[in-house]
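Residue numbers (this note's numbering): 33 to 1241.
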Amino acid sequence: MASAAAGNIPYKDPAGKVRLPAPPPMQWDPPIPPPAAPSSGTVTQARSLFAAPAAPATTSTNTSTPDAPGDSAHVAPITVNATATGIDLTPDQNVLGKGSAPWFIDPSISADSGTQHWVQVQENHPDTKNYDLQSPVGTGYCGYTAPEDCTGFGRYRAYFTIGISPSIYTQPGGAPSPPTVYDSKLLANVSDASSPSTNTPFGLYWTGPIDGNTTWSNQPCATNATMGGCAKVDTSSWLTGTGPISFNVTSQMQQAASQHWGNWTVGIAPDDESNKLFRHHLSISPGSAPHIQTNYDIQPSAWGPSITPQPGFASTNTHFPCNSGGTNPWDNVGWIGANQNIKLSVNSWSPAWMNLYSAFHVFWNSSASSGSWGLNSGWGGSVNTGDGANSVTIGLSNLQDGQVYGWNAGAYDYASPDSGLSSPWTGLCYFGIDRTPPTVSIGSTDFPPSGTPNPHPTKFAGQAGTFALHGTDPAPASGAASGVACFRISTDPSPVTGWKCTDPGIIPATTSSFQFTPGNWGTNIVYAQAQDNAGNYSQPTAYAFYAPWSPSSKAVFGDVTGDGKPDIVLPDNSGNLKLISSGADPTNAVSARAGLSPNGTSWNGVQFTHRGSLSQNISVDDLIAHTSSGVDLYQVLNTGNGTYNLPTTVGAMPSNCLDTSGKNMTCPAGIGGDWSKVTAIAAIGKPEGENNTPTSVSRTSLIAVVNSKLWLFHGAAESNNLGDYFDGTARLLSGSDWTNYDLINPGPANGGNQPTLWARNRADGTIHAYRITGGTTPNYTDFADPVANGIVLTGVNLPTGSYPTVGSSGDLNGDGLADLWATTPSGQLKLWSGAGTATTGAVIGFISTPAPNLVSMPGVLGHWKLDDDANSSKAADLVNQDPTDPSTNLGSHPGTVTNTTFASDNPSGTTNGTTNVAVFNGTSSEIDTAGTTVDTTKSFTIDAWIKPTSNGGVAVSQDGTTTAGFMLWPDRGTWRFAMANADATGWNYDWTGAANANATVQPNIWAHLTARYNSNSGQMSLYVNGALANSGYHKPTSAISGKLTIGRWWNNKAAASYFNGSISDVTVYDSTAQPGTATGAISIGAPTPKCLDLNQGITTNGNSVQVYDCNGSAAQKWTFNPDGTLTANGGCLDASRNGTANGTLTEIWTCTGSANQQWLPQADGSILNPVSNRCLDDPSWNTTNGTRPQLYDCNATPAQNWAFSATAN
């Protein structure tokens, strides 16, 4: 394509042949009135001897339009310059802007049909043949003798054969239809006039063909009238003097295009063939001979409609550019998920090489709403395909969740009010919008959930259990949902994005269960994530369950419950002793209440140990206990099932002292008499060797640190039935300083059956092992120096700041090797499996990766199982309930039952899960407990199983003077947790308002609810069936205290909102009972997410935080901490300059504990900054690498929907 010298635009094929000519583009303005025809008295004669009669006066009614100029309009060509990249059109500035508006620019495509043959026939020479000879060609009456001799007077006529350009009917390959003719004009040029001042009307006539034999006597038109018998085309074209004349031949050229004419013959003659003043010559010179200029167009093509991102089905990982095919594709639409704008595209081509735009028709029709949009891509080029296809983008906010949309598109080469052509519209495409993530829950009768009333696991640790999966994909009101596609199962709580349903190990939604084998006894956690067909991911759901010890496992000492398996006993936050047993769920197991401790108030701070007993013929471990600087050593007797009685003193310290070689020595200060100089104790079992399959536990011996030295107090002989606890000796094991070592009693861990002592160096966190060898004559030389002797066990390092308590109960996982456990400051218990030779039991280190958390250790403030007898007037509290003392059978906070019955039900839905539950009538039922249970200024957790019959009514609350300090209830279809800001009338509550689909209330269905309040961060969290369902923020606290009430609310100093339904197993803890901190990636923008990223991993103050391609680096590993901070690489996410306004950017900064570094994950996927009450926001939902998140009003849009885990290790 190039511009020719004449200004036209020829389109050439690769061989250089012109395939499509375009005339020069033109410009014009509105017409000006033509001058009046001159009168007879003002005629200027030339070549004429006679004056011409005056022509009738005319007034133009032909105005300019976008299609053509009007009469007397200023018309000028547009300068054309065609290059490799485009066509430049430069209007003539002498015309553009002159006169009055509007001005018209016409770069149309047209074809030119030129003269092929011509002939002049003469009445005065009737037989003369002038075919293709005369130039110019005369028309009109020749009546002159001088200076031009007509050689006889008579009429002249001019005939022309016009070759029709095939362009006006040739359909290009790929074009949907042949060309469409818009308008055609026959143009001729008058080169001579007999009377230059005479305004002459010319007519155009449709004639028959001409050839070499055409003469006056043998011509297409008759001579008895003006062009007799030939049809006149259009109206006359008037001309004064010389110049162009034109005729509208549009209908004729439309017929020519339709019938594919090769040529068309016409004649031109003045309207009065007898008037010699109308005599003229018509030029047939190249460029000025008569020709037909036809403006035409060719219908554009539109094809390949497509949607980005492509809708599809995640279940099969199939996606479609337009629709899923089939007979009725609207019945099986593909889906597009949240966080995505939609781009509709269509390929288009103009065979006429006109610029195109595409129109898009989008429609929807559902029970929720119906409507349509007309969208316009804007002008593109003449070929718009692939990445350059015409497209429109539909903003996310314009698309309705749950709606199915249809659309199609067509291409246009004109815009109204102009005229032009449009393509046939494409077939219909469909897509559905699903922004709501799915939910997933897990259940198992083999391993019931932790905290289940009366659990009865049917499988054991090391055995595969069946776990049921239940996924839902909530649909909005009157909308549709894509449906759950698949599930991902993991023991890692971090949310993972980018996985597909077709990946290995992913469970399809059509499969309702999976097999999982818990490796260790104790509390295990398995996590599930669901993906729906639109590609939305659910938050990970945690399923905590207790796996009892397998009966086939090897028995070891350390058993306190009588099942022949080792157990862990630790104090909880309330000062009670918590039993972590191999055979029972530890959630509600209290081994010894705080009042049974040696100091009478709490087991926290008490030194205690267990491995065997100081008494004779005991089958389970008793406890040996000592208070700091206390003068007495105590034995706390086991009742046989893991609960303990009041402690009893063991008497004075043995005073027969032996040195390190076993010889008698004088007892140094602190040995003999009382036990006040003891700082650490460890019951090690029998030094000469343990029997690993005993019918009773051997009498134990005690190692203690006394005045910084290590001493052995050997247990009394098995045959001693005199009530002695020790054999009377105190043997010095080491004269070195053991003050900075924590003593650990793993039992045999050195390759034989003799005990080993482990010790943690509190200075560096290393774990050391010291062996007892020698069989019946024990050798204790390993104990001589804690630094120089023994071995350092590899694999772990447990600093006291991270793990204040360490211990061992022997082989906890049944692999033949003793294991190590430790507790975190938040009460988490972690286990490290021993590494070594299982056949001998020799431990040389530990597996460095900790096993899943066994259990949190919150203090139980109250526990009402609500399994009381049918007509009971009291509801027992298990806390401080002593079955051996009937006076305390009801525990610390027994409940007074009012109009409440107890009936059989199965809250957990498990085998053998049937128990009595409390049933409330919705009008007057309540259970009021005795005394204050919860301090609402501190962290606490409420755990309960609840089955509502209807919405409304408060399930659990705590009374204040005027209102309740907190409440838990089903609120119009959503589970809520609220905390009061003031003990006053009216609604003075913060509540969990950031809900997801897990919060949906299901009437007559049991739900396991856990409400948690973290007083440090202000975070309120509500979990439903183990999944985070609702979040909120509460600070400052109100300090409302009073009795805990089950079944109603306290409002305006009166009972209100009675609960209708059933409640079971209500437990109150004195902490948030969180499994721990959450560490992992925080992402936005599924299904191709970007991650929250610390720029280059640099923690320099002020370094930017951004969104970036997820890459798994340390710069993208963020930790939600219990104190409300969000950290990466040791730095805190910080709202810049303590800003709280919309638009405040985020950065990394040294952790200061300030309010601008507080970030709370919410159930709806947002991350709240409490001090500003705004959310972490990706500006304009821009996932371009380097975009910096900001603070912005919380709005539940995709720009604030961050994927993260709410419960994690």
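Backbone N, C-alpha and C define an ideal beta-carbon position, used for all residues, glycine too.
Residue from 228, 202, 302 whose Cα sits closest to the Cα of residue 191: 302
Straight-line Cα distance separating residue 463 from residue 860: 48 Å
Assigned exposure category for residue 564 - 16 Cβ within 10 Å defines buried: buried
First and last residue of the uninterrupted alpha helix (DSSP H) at residue 791: Careful: residue 791 lies outside any alpha helix (DSSP H), inside the beta strand (DSSP E) at 787 to 793.
Start and end residues, alpha helix (DSSP H) containing residue 278: Looking at the DSSP string, residue 278 is not in any alpha helix (DSSP H); the run it does join, the beta strand (DSSP E), is 275 to 280.
Opening and closing residue of the beta strand (DSSP E) in which residue 1080 lies: First-last for residue 1080: undefined, no H or E at that position.
Within 8 Å, strictly: CB atoms of residue 288 and residue 196: yes
Whole-angstrom C-beta distance between residue 766 and residue 1249, which should lie under 8 Å: Coverage of the chain is limited to positions 33 through 1241, which leaves residue 1249 absent and any answer about it impossible.
Proximity below 8 Å, CB of residue 1049 to CB of residue 481: no
DSSP three-state assignment for residue 1250, whether helix, strand or coil: Since the first residue shown for the chain is 33 and the last is 1241, residue 1250 is missing from the structure and cannot be characterised.
Stretch pair the stretch 569 to 578 + the stretch 597 to 606: three plus CB contacts closer than 8 Å: no
Residue 842 versus residue 643: straight-line alpha-carbon distance, rounded: 9 Å
Status (buried if at least 16 other CB within 10 Å, exposed otherwise) for residue 1107: Low confidence applies here, because residue 1107 scores a pLDDT of 39, under 50, leaving its location unreliable and the question unanswered by this model.
Residue 1031 - DSSP class collapsed to helix/strand/coil: helix
The stretch 322 to 342 contacting the stretch 207 to 215, beta-carbon criterion three pairs below 8 Å: yes
Of the residues 532, 641, 216, the one placed nearest residue 735, counting alpha carbons only: 641
Sequence-distant residues of its chain with Cβ nearer than 6 Å to residue 184 (five each side left out): 156
Three-pair Cβ contact test at 8 Å for the stretch 413 to 422 versus the stretch 164 to 179: no
Simplified DSSP state of residue 417, which is helix, strand or coil: coil
Per-residue burial, residue 165 [other beta carbons within 10 Å of its own, 16 or more giving buried]: exposed
Contacting residues, own chain, Cβ-Cβ under 6 Å from residue 1071 (five flanking each side not counted): 969
Cutoff 6 Å; reference residue 1059; Cβ partners in own chain excluding five residues on either side: 573, 1030
Beta carbon of residue 787 nearer than 8 Å to that of residue 717: yes
C-alpha distance - residue 262 paired with residue 238, whole-angstrom precision: 6 Å
Of the residues 510, 514, 474, 488, the one placed nearest residue 498, counting alpha carbons only: 474
Beta-carbon proximity check, residue 158 vs residue 296, cutoff 8 Å: no
Outcome for residue 750 when other beta-carbon atoms lying within 10 angstroms are tallied against a minimum of 16: exposed
Beta-carbon proximity of residue 669 to residue 654, cut-off 8 Å: yes
Simplified DSSP assignment, three categories, for residue 65: Summary for residue 65: the model assigns pLDDT 41, below 50, so the residue's position carries little reliability; its value from the coordinates is reported in the next sentence. Coil at residue 65, not helix or strand.
Residue range of the unbroken beta strand (DSSP E) whose run includes residue 1222: 1222 to 1225
Ordered list of beta strand (DSSP E) runs contained in the stretch 990 to 1063, each at least 3 residues: 996 to 1003, 1006 to 1012, 1021 to 1023, 1039 to 1045, 1051 to 1056
Run of the beta strand (DSSP E) containing residue 310, from where it starts to where it stops: Note, residue 310: premise wrong, no beta strand (DSSP E); not H, not E.
Alpha-carbon to alpha-carbon, residue 831 and residue 560: 33 Å
Paired residues, beta bridge with residue 189 - DSSP: 153
Sequence-distant residues of its chain with Cβ nearer than 8 Å to residue 757 (five each side left out): 646, 647, 667, 682, 683, 747, 748
Nearest-angstrom Cα separation, counted from residue 551 out to residue 977: 28 Å
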